Amino acid sequence: MREFHEYNPITVAAYYLCATAVTMFTMNPVVIGISLFASVINYILYAKNGIKPHLFSLVLFVIMAAVNPLINHNGMTVLFYLNDRPITAEAAIYGVTAAGMTVAALYWLRLFTKAMTSDKLLYLFGRLSPKISLILSMAIRYTELLRIRWRKISDAQKALGLYDDGNLIDALKGRARVLSILITWALENGIITAESMDARGYGTGRRTSFRLFRFRMRDGLITAICAAATAIAVIGLNGADVVWYPSIKTTLFEPVSIMGYVGFGVLSILPIIINTKEAIRWRYLSCAN
Amino acid sequence: MTVIKNRAVRTVLRYAIPFGAIPALVILGATVFDEKRYLIISFGVALAAIVLFMAGIEKKNIGSRRMVLVAVMTALAVIGRFIPLFKPITAICVMAAIYLGAESGFLCGALSVLISNIYFGQGPWTPFQMLGFGMIGLIAGYLCEPLKKSRALLIGYGVLAGIAYSMIMDVWTVLWYNGTFSPDLYLAAIISALPFTALYAVSNAGFLILLKKPIGDKLERIKQKYGV
Amino acid sequence: MAVFELCELSFSYPNSAKKALEKVNITVDQGEFIALAGPTGSGKSTLLRLLKPELMQNGDQSGTILFCGNPIGDLPPRESAARIGYVAQSPEEQIVTDKVWHELAFTLENLGKKQQEIARRVAETAAFFGIAPWYRKHTSQLSGGQKQLLNLAAVMVSEPEALILDEPTAQLDPIEAARFFDTLYKLNRETGVTVIISEHRAEELLPLCDRMILLDHGTVVYDDAPRAIAQRMDKSSPYLPYLTAASRVFIHSGGAGECPLSVREGRKFFKSREIVSGNPHSPSATAPPGKEDCAALEMKDVFFRYHKDGADVLNGLNMTVNEGEIFAVLGANGCGKSTAAAIMTGVLKPYSGKVKLFGKALKEYKNGSLYRENLSCLPQDVESVFLHATVREELRGCEEIVNSLPFDLAPLYDRHPYDLSGGERQLVALCKALKSNPRLLILDEPSKGLDPNAKERLSELLRKLQSSGLTIILISHDIEFAASCADRCALFFDGGIAACESTSDFMCGNRCYTTAASRMTRGILRNVYTVDAAAAMIGGDRS
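So the sequence lines, in the order shown, correspond to chains L, G and U.
Residue 148 in the numbering used here sits at position 145 of the first sequence, with consecutive numbering throughout.
Residue -7 in the numbering used here sits at position 8 of the second sequence, with consecutive numbering throughout.
Residue 916 in the numbering used here sits at position 267 of the third sequence, with consecutive numbering throughout.
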């Protein structure tokens, strides 16, 4: 089953950038509502890593929503007074909207981070610059290697009795010694890597960049749908405005704005649509067989 | 824009970005998204600057040895970002810059941010951070002779880099929060970030002193032995 | 046509009066499989690097090297990269990129090949080498053997005519090494690639190769088929360790008739000969030097696992090491040997079971007293103990130990530890490990990557240390090395000890996990596991 995240990284990256950008650059409560709902659903379906990130988001949401009415006293509809300061409905609604925007954007970015694994990032950079992508690839490898080596060295030092973590100073000294050994190891052995690169023709001329991902028709199609939905959303939402203070006046439900909402709605649940379609096809295929 | 294969296209791009894409972003930001135009403008500018730099580096001939050393330093910086509170990333970028050249410093800073953000979270802040640490490395590379000689200058650079980086990132915080730049909010942001800035500046200086000799001597030896 | 023609080739490094290579003449024909042997520092690596223009070093060179009839220096860079493949010793450091598929494509990317062509070459190479199952893995997740196969495959994608390998299996365990040789042999037979390999594993390699070149002091000593070389050597030749056990027995016994190479031929040879003496030494009768009643280290029902829900790595391990003996723990990679070592040294803690050192539980050694005058451990990668820029600083405080060694380390004092050869590094690290004046020394794979002479020296050194009262635990997969110096051997398998006996009982009792001499003489001679013993029992031709 080809899930949304198995599409070409360009498609996936473009999708999340569009969704994040539209969310971030609008203060339209309807759009933010859709965005928040869709991003949370997408996140639950894709990331599947427990309740912790949601709790963090909830706390952030509550704090951010509460801060605005406490420091901003504009607005006509006074709800109550706190220390002789008016708490207004307008400021409260603005606060909720702004908090929703931030949290929704955060969810989209989390999804983006999760989807853009190192090999996908490398693919994007490989298209941009083969040389930079090679350095990136090497650096990612070294990051892993250094982590493993750090452990080995500190174990070796311990077993030699050179690494004493009895008190803080000794522990820091021990760390510094491990770090020093690690740096020597990495730099000295790096030369072997460099020779291996030379031996295999690095620097003999222009490099190409081999890619596992292919940009197929369907990637193009999804990218196009994504672009079209974003365009419709941007055009449609251009007229939809909210004047917050002193009292809320909106032009949120013009026909052209409705079109914008539909556009953004399609954009925000695109992964769910694709995955559902694939799931149905699989069920159909397994029944047919 | 994603495929930059031949030199002609790349040359066109080098001019198209500053003279075409950036003004276009400015106009777009000013008309379509008037709420947060400064944010999108600055985002676009940061991204464009990084792409420009990298296009410049792509054209250069980097030897395999320098390449490996840059990758090792980048990986060290990435690992360094996982240390809580005290982060040696600046010190490592500066080391890479003064011993391996300004471009290496830029790459070490920018790429280590990109890689570590795979774990810490990518976002609109990524290009800003990349540019920030990249610049710290780049400038250190241009100042490499004095920085190598004088320990005081090195400490000064570390402290200054820490403060400057925090102040620039605060601009971004204000833009993100407020949409436009406001001096009051900026001041508030700077003040609230003061403890972090101070810690950051001090740890930069500390790591620079601590790492100067081990990393510096080792890089010098490698450079001599293998003729980088 | 000849692939390589070396004519009167001499080479010397800058700042060195001694020539690294002197008037070397070698012709390598298309499709040959050549083993290059010789002690460390004999010029093997120098010679191999001269055959690969990218790795050319600074120095004075005279004489000519022709590649396919043309001077090797005239080869355009891309052609030289594609047509001459080079694989070096360390599996880890040769890998450049983070993913297996990317590593395979790396050479072709550098050569500027198109997407489709890379896809095709990578696919066929991965299929040939059996890499497909780990094609998308991170390179850091592979085992040493897999890494080295990947390095070989990554070189083969550009379809080189000649393959140059510099001690490619030095860091691998015997099983991984055997797989590597098999693949190499298959490549040579099925694609006709010319192979030049320098290697210390004569036992496995020589039966496969067409020709053996023996270098010493920069000159070619022998250049012929391995069998022919063995036939020309005599008992006193210093190059005997570079031959297989069967050939050595043949030479020791006088060298009449056809020289055997492999264990199989060796058995045939023994069957054809008369056995003179009944039992030259009955090792099980002589008591091992360890004191039976005094246990240096005792492990009782030790269980260990890395994660709460993981599988047991140590599965009720019971082991007793007597004071004053050399105890070898043998076993394949991944059987839990290194984990056991980490438990012995207190780096890891078992979740059940007892570990006692000199009669006292490990945890009763307080404030690091365990590591002062009691126990010391030398890790597999000895580089992990080097901290300074010169050997002199490295050995500060170890003067007494250095002076007691039968070797002179003084010439090494001003060098960087990473500039030393494998054997020298091992020695310096050993001195550091002995600095704390331990009673028990644990060595993890000390013979890895050493040439036969260095192994012999190390084995003598361990004997000497033992005679001064040190107990030594040797963790290794090098059976021949264990046979040369251990008093008792244990076979580690599946998280426990499957067999533990005196070395002679162990080597003679095992069928396949034992020395080549023991495998050759099984059922023919009794209680024989060394070449010398086997040779002493051989008489004239039976027929």
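Heads up, the beta-carbon is just placed ideally off N, CA and C, and yes, glycines get one too.
Here the structure is a predicted model, which means the values were calculated and not measured.
Whole-angstrom distance between residue j and residue i, CA atom to CA atom
i: Y662(U); j: D1127(U); result: 34 Å
i: D590(U); j: K763(U); result: What is shown of chain U runs 650 to 1192, which leaves residue 590(U) out entirely.
i: A731(U); j: A202(L); result: 9 Å
i: G1072(U); j: I148(G); result: 50 Å
i: D122(L); j: Y10(L); result: 13 Å
i: R876(U); j: R1168(U); result: 20 Å
i: H8(L); j: N1086(U); result: 59 Å
i: A990(U); j: I1091(U); result: 8 Å
i: I813(U); j: M52(G); result: 25 Å
i: L172(G); j: I186(L); result: 40 Å
i: F976(U); j: F755(U); result: 45 Å
i: A281(L); j: D222(L); result: As written in the sequence, residue 281(L) is Glu, which differs from the Ala given in the question. Going by the C-alpha atoms only, they are around 15 Å apart.
i: G680(U); j: E816(U); result: 20 Å
i: A69(L); j: W161(G); result: 18 Å
i: C21(L); j: F213(L); result: 27 Å
i: M152(G); j: A159(L); result: 43 Å
i: T1179(U); j: G687(U); result: 22 Å
i: V213(G); j: V978(U); result: 44 Å
i: K1113(U); j: A1078(U); result: 17 Å
i: L753(U); j: V63(G); result: 26 Å
i: A1103(U); j: T75(G); result: 45 Å
i: S1116(U); j: L1054(U); result: 13 Å
i: A1183(U); j: I900(U); result: 12 Å
i: N45(L); j: A234(L); result: 22 Å
Contacts that residue i makes with chain G (C-beta to C-beta distance below 9 Å)
i: A1038(U); result: D202, K203 and R206
i: I151(L); result: Chain G residues near I151(L): none, gap ~11 Å exceeds 9 Å.
i: T116(L); result: N102, I103, Y104, F105, G106, Q107 and G108
Partner residues on chain G for residue i, Cβ-Cβ distance less than 8 Å
i: S132(L); result: I(-11), M39, A40, I42 and E43
i: I135(L); result: M39, I42, E43, L92 and L96
Within chain L, the residues that residue i reaches when beta carbons sit closer than 8 Å
i: L193(G); result: None at all; the shortest Cβ gap to chain L is about 14 Å.
i: C1026(U); result: A159, A162 and L163
i: S1085(U); result: L163 and G164
i: T75(G); result: Within 8 Å Cβ-Cβ: nothing; T75(G) doesn't reach chain L, min ~16 Å.
Cβ of residue i within 8 Å of any chain A Cβ
i: L148(L); result: Reference to chain A is not applicable here, since the protein chains of this structure are L, G and U.
Cross-chain neighbours of residue i in chain U, by beta carbon under 8 Å
i: M220(L); result: What M220(L) touches in chain U: nothing, since even the nearest Cβ is about 17 Å away.
i: D87(L); result: In chain order: nothing, as chain U lies at least about 57 Å away.
i: I138(L); result: None at all; the shortest Cβ gap to chain U is about 11 Å.
Partner residues on chain G for residue i, Cβ-Cβ distance less than 7 Å
i: S121(L); result: I103
i: R113(L); result: G106
Neighbouring residues, chain U, relative to residue i (Cβ below 9 Å)
i: N192(L); result: S739, E741, E742, E1032 and Y1067
i: R144(L); result: I744, V745, T746, D747, K748, H787, T788 and S789
Neighbouring residues, chain L, relative to residue i (Cβ below 7 Å)
i: V745(U); result: M141, T196, S199 and M200
Where residue i meets chain U, residues with beta-carbon distance less than 7 Å
i: I228(L); result: Per Cβ cutoff of 7 Å: no residues; I228(L) is ~26 Å from chain U at best.
Counting beta carbon pairs with one atom in the region 917 to 927 of chain U and one in the region 1125 to 1142 of chain U, are three or more of them shorter than 8 Å?
In short, these stretches do not touch, since the Cβ pair count stays below three.
Count the CB pairs spanning the region 66 to 79 of chain G and the region 182 to 195 of chain G that are closer than 8 Å, and state whether there are at least three.
The region 182 to 195 of chain G and the region 66 to 79 of chain G touch, with three or more beta-carbon pairs separated by less than 8 Å.
Residues within the region 203 to 216 of chain L neighbouring chain U, beta-carbon criterion of under 9 Å:
R203, G204, Y205, G206, T207, G208, R209, R210, T211, S212, F213, R214 and L215
Pairing CB atoms from the region 100 to 120 of chain G with CB atoms from the region 658 to 673 of chain U, are three or more of them under 8 Å?
no
Mind listing which residues of the region 244 to 277 of chain L have their C-beta closer than 8 Å to chain G's C-betas, in chain order?
none
Going along the region 715 to 727 of chain U in order, which residues come within less than 7 Å of chain L, judged by CB to CB distance?
P726 and R727
Please give me, in chain order, every unbroken run of the alpha helix (DSSP H) with length at least 4 that falls completely inside the region 139 to 211 of chain L.
171 to 202
If contact means a Cβ-Cβ distance below 9 Å, which residues of the region 175 to 186 of chain L contact chain G?
Of all residues in the region 175 to 186 of chain L, those with a C-beta nearer than 9 Å to a C-beta of chain G are A179, L182, S183, L185 and I186, reading in chain order.
Using a Cβ-Cβ cut-off of less than 7 Å, list which residues of the region 52 to 82 of chain L approach chain G; keep chain order.
none
Evaluate the contact criterion for the region 87 to 105 of chain L versus the region 169 to 188 of chain L: three or more CB pairs, one atom per stretch, below 8 Å.
no
Give, in chain order, every residue of the region 749 to 767 of chain U whose Cβ lies closer than 9 Å to some Cβ of chain L.
Along the region 749 to 767 of chain U, the positions whose C-beta sits under 9 Å from a C-beta of chain L are W750, H751, L753, A754, F755, T756, L757, E758, N759, L760, G761, K762, K763, Q764 and I767, read in chain order.
Name, going along the chain, the residues of the region 142 to 170 of chain G whose beta-carbon falls closer than 7 Å to a beta-carbon of chain L.
none
Under 8 Å: do the region 205 to 212 of chain G and the region 652 to 660 of chain U share three or more Cβ pairs, one atom per stretch?
A contact is defined here as three or more CB-CB pairs under 8 Å, and the region 205 to 212 of chain G fails this definition with respect to the region 652 to 660 of chain U.
Touch test, the region 75 to 88 of chain L against the region 244 to 251 of chain L, Cβ-Cβ under 8 Å, three pairs minimum:
yes
Report the residue ranges of all alpha helix (DSSP H) runs contained in full by the region 834 to 887 of chain U; include only those spanning at least 4 residues, in chain order.
851 to 854 and 875 to 881
Three-pair Cβ contact test at 8 Å for the region 43 to 63 of chain L versus the region 123 to 134 of chain L
no
Inside the region 750 to 832 of chain U only - alpha helix (DSSP H) runs reaching at least 4 residues:
764 to 778 and 793 to 805
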